[in-house]
Amino acid sequence: MFRFLVRRTLGALVIMLIISAVTFWLFYAIPRDPAMMSCGKNCTKPMLEQVRHNLGIDHPLPVQYWEWLKGIFVGRDYPGFGHCNAPCLGYSFANREPVLGTILDRLPLTLSLAFGSAVVFITGGVGAGMIAAVKQGKWQDKAASSASLVASSMQIYFVGYIAMYFLVGKFDILDNPSYTPITENPGAWFSGLLLPWLVLALIWTANYTRMTRSQLVETLSEDYVRTARAKGLSRRNVFFRFAWRGAMGPIVTIFGIDLATLIGGAIITETVFSLQGVGRLAVDSVDKSDLPMLLGVTVLSAGAIVIINIVVDAIYAAIDPRIRLA
Amino acid sequence: MTSTDQQPFLSIRDLKVHFSTEDGIVKAVDGLSFDLAKGQTLGIVGESGSGKSVTNLTILGLHDRDRTAIEGEILLDGEELLTASEKELERLRGNKMSMIFQDALASLSPYHTIGTQIGETYRKHTGCSKSEARKRAIEMLRRVGIPQPDMRVDDYPHQFSGGMRQRAMIAMALVCDPELLIADEPTTALDVTVQAQIMDLLKDLQQEFGTAIIFITHDLGVIADIADDVLVMYGGRCVERGTKAEVLRDPQHPYTLGLLGSMPSLHGPVDVPLTPIPGSPPSLLNPPSGCRFHPRCAFAEKVAGGLCSGERPVLEVTDGRGSACHLTGEQKQELFADFAGSRHH
Chain A
0 MFRFLVRRTL
10 GALVIMLIIS
20 AVTFWLFYAI
30 PRDPAMMSCG
40 KNCTKPMLEQ
50 VRHNLGIDHP
60 LPVQYWEWLK
70 GIFVGRDYPG
80 FGHCNAPCLG
90 YSFANREPVL
100 GTILDRLPLT
110 LSLAFGSAVV
120 FITGGVGAGM
130 IAAVKQGKWQ
140 DKAASSASLV
150 ASSMQIYFVG
160 YIAMYFLVGK
170 FDILDNPSYT
180 PITENPGAWF
190 SGLLLPWLVL
200 ALIWTANYTR
210 MTRSQLVETL
220 SEDYVRTARA
230 KGLSRRNVFF
240 RFAWRGAMGP
250 IVTIFGIDLA
260 TLIGGAIITE
270 TVFSLQGVGR
280 LAVDSVDKSD
290 LPMLLGVTVL
300 SAGAIVIINI
310 VVDAIYAAID
320 PRIRLA
Chain B
0 MTSTDQQPFL
10 SIRDLKVHFS
20 TEDGIVKAVD
30 GLSFDLAKGQ
40 TLGIVGESGS
50 GKSVTNLTIL
60 GLHDRDRTAI
70 EGEILLDGEE
80 LLTASEKELE
90 RLRGNKMSMI
100 FQDALASLSP
110 YHTIGTQIGE
120 TYRKHTGCSK
130 SEARKRAIEM
140 LRRVGIPQPD
150 MRVDDYPHQF
160 SGGMRQRAMI
170 AMALVCDPEL
180 LIADEPTTAL
190 DVTVQAQIMD
200 LLKDLQQEFG
210 TAIIFITHDL
220 GVIADIADDV
230 LVMYGGRCVE
240 RGTKAEVLRD
250 PQHPYTLGLL
260 GSMPSLHGPV
270 DVPLTPIPGS
280 PPSLLNPPSG
290 CRFHPRCAFA
300 EKVAGGLCSG
310 ERPVLEVTDG
320 RGSACHLTGE
330 QKQELFADFA
340 GSRHH
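The following block contains the structure:
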């Protein structure tokens, strides 16, 4: 287990390095000068140089990358902004705020959105998939299959606005989407995010229903499930301890990836419900050629994916003793 | 069949198992009857798809009830199994009747230790504690000849060798001292030396506990080793039955004769070519008319009036001996002797 953690952590760091370097390089491959945007309309050459210097982008690319990297571990001094404590992800080109602070401001909303909807779609999807698999070929199965087909072909921007119009506007069943920190008012946190959770979860629920069903249909016909029945174990016992155990692995894997993706920001959902999360931040920073912000968000998303993958592998090994962590 | 009791331990009467599939109705078992006494071993022989495995899954009630139509009766110790409730069957399975499956690697759960899998059967039926179940599992592993059972009990199936897995499977099936044991090709996937050990083990356990065994195989050598009586199945029907000596030494059905002909003999000259049965097993979706073996039978045209393709031969059993074939006794004597003769030249 220890060896596994050490190896995977080192691997994760390498991946993060590569991702940040590629992002850095890609950003400058775009023919857009962030200093130009920051400098404004009547920009003279010396002014431009000054802006470059202030932003810390007056060095060759490798040096800039090294400075950025160093900043994370030991902090960094900016000519324009002064000292930035480690871990320093730099200052936004656009609003001159510290990148880390901005991301940490946005993160609670994104995490609330991600975990809240994950709870809905994993319980709903796996539950519906289980029912469909047990009632194979019966009306429950057909209902779950058709519903998930319809739901998975929906789009958030479509369902989102429709739901807003009817559930919030016309019938006033749900609250207008908004974000209140859970520490401030748990009730408002819940009611404000309920609609985004449900809408975001809808499509994912459909995917998990289908995945759970197909996994279970497969494991239910495994020989070892038949053996368990031949031993006189009850249907319930056989279902959960044998068939579901076998079906879980791939679902956990996909769930990990999906959750990590959501932590990187649910861009469309945030946009539809006017929520200021990490996803919106990423889109805005691309728009504004805001390299430090973009790098920060990218590294955060990559980090979430990498860490969750390690956790998933550990869970996978706990589910299936044939897999050994190394 | 050799039982002295009035009521045989296991009695199957005119069993029919029909599956509905998308293509139509599959008549997997089509009118099968047999009895089995305690302490006896019945060998069921047949090709894949002959209905032998289906019959035994039906005894345990492990068929898909939604898609299967079943007729006939299965009496275990006087108890009707076909109409028994799921709860009732759960009480019997693994306890009074249990089953050893063919592929032990696929049939054992990869997610649970050998000890858990053996012990949970015992716990389910005796209601004992976890530690008692574990003790019992170790005892069973020792009995089936697993070395260091107190350590191996915590292993997973993938840490066992093929032969050991099959032994563990047998330990699991026998943990509650079942009175009926169904062994579905338990040695097919094993090499011959291990196979012989497993057979000896089953015989020992049978002697010890007087278990009735149904032994399913397509290997006549195995049958010769373990069975008291033999039932030959073809296309979902019994085509021949009798004691082991009767069926193997004096086959009365062309299919049995064909099976014997496709098996090498250790006693004759070594360079005698085997005689395979031509063709392939019948489709049970659309089985051949009359005798289901007639399209592959070497002697079908010897019977006058197209009887073989027109009429189902009746299995008439006297004293546990019978065959379902339109050939007359004299015809068989003559033709079968020729067939046997041709093998020796």
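Protein chains in written order, with numbering that gives the first Met the number 0: chain A, 0 to 325; chain B, 0 to 344.
Think of the CB as a built atom: it goes at the ideal place given N, C-alpha and C, for glycine as much as any other residue.
- Here A/His-82 is bridged, per DSSP, to A/Asp-76.
- Across the structure, B/Gly-48 and B/Gly-234 are spaced so that their CA atoms are roughly 7 Å apart.
- Runs of the beta strand (DSSP E) spanning 3 or more residues and lying entirely within the stretch 48-76 of chain A do not occur at all.
- Judged by DSSP secondary structure, B/Lys-129 falls within the alpha helix (DSSP H) whose first and last residues are 129-142.
- Contact residues of the stretch 222-242 of chain A toward chain B are Asp-222, Tyr-223, Val-224, Arg-225, Thr-226, Ala-227, Arg-228, Ala-229, Lys-230, Gly-231, Leu-232, Ser-233, Arg-234, Asn-236, Arg-240 and Phe-241 (C-beta to C-beta distance below 9 Å).
- For B/Glu-79, the pairing in a beta bridge is given by DSSP as B/Leu-74.
- Chain-order list of chain B residues neighbouring A/Gly-123: empty, with the shortest C-beta distance near 25 Å, by a criterion of under 9 Å.
- Counting along the chain, the unbroken beta strand (DSSP E) around B/Lys-26 starts and ends at 23-35.
- Contact note: B/Tyr-233 does not reach chain A at a C-beta cutoff of 8 Å; the least C-beta distance is about 25 Å.
- Cβ-Cβ separation between A/Phe-26 and A/Leu-232: approximately 59 Å, too far for a contact (criterion under 8 Å).
- Contact between B/Leu-283 and B/Val-16 does not hold, since the beta-carbon distance rounds to 10 Å and is not under 8 Å.
- Around A/Gly-245, the beta-carbon contacts reaching into chain B at under 9 Å are Ser-108, Pro-109 and Tyr-110.
- B/Ser-308 and B/Cys-296 have their C-alpha atoms spaced approximately 11 Å apart.
- For the pair A/Leu-258 and A/Ala-150, the CB atoms are not nearer than the 8 Å cut-off.
- For A/Leu-293, the uninterrupted alpha helix (DSSP H) segment begins and ends at 290-318.
- A/Ile-155 and B/Arg-135 have their alpha carbons spaced roughly 57 Å apart.
- For B/Arg-12, the enclosing beta strand (DSSP E) has its first and last residue at 9-20.
- Fewer than three Cβ pairs drawn from the stretch 184-194 of chain B and the stretch 119-138 of chain B lie within less than 8 Å of each other, which leaves the two stretches out of contact.
- Going by beta carbons, B/Ile-113 and B/Gln-165 fall outside the 8 Å limit.
- Contact with chain B is found for A/Pro-320, since one of that chain's Cβ atoms lies less than 8 Å from the residue's Cβ.
- Against chain A, the beta carbon of B/Tyr-254 has no neighbour under 7 Å; the closest one sits roughly 29 Å away.
- Secondary structure remark: continuous alpha helix (DSSP H) runs of at least 4 residues inside the stretch 238-293 of chain B, in chain order: 243-248 and 253-260.
- By the criterion of a C-beta distance shorter than 8 Å, A/Leu-112 is surrounded in its chain by Leu-192, Pro-195, Trp-196, Leu-199, Leu-261, Ala-265, Thr-268, Glu-269, Leu-274 and Gly-276, once the five residues flanking it on both sides are discounted.
- B/Phe-214 has B/Gly-42 and B/Ala-182 as its beta-bridge partners, per DSSP.
- Here the C-alpha atom of B/Val-316 lies approximately 34 Å from the C-alpha atom of B/Glu-85.
- Within 8 Å of the CB of B/His-124, the CB atoms of chain A belong to Gly-231, in sequence order along the chain.
- With three or more CB-CB distances shorter than 8 Å, the stretch 108-122 of chain B counts as touching the stretch 233-250 of chain A.
- Per DSSP, reduced to three states, the secondary structure at B/Gly-321 is strand.
- The C-beta distance from A/Ser-37 to A/Val-21 rounds to 24 Å, too long to meet the 8 Å contact threshold.
- Under the 8 Å criterion on CB atoms, B/His-325 is classed as non-interfacial with respect to chain A.
- Across the set B/Asp-199, B/His-325 and B/Asn-94, the C-alpha of B/Asn-94 shows the shortest separation from the C-alpha of B/Glu-178.
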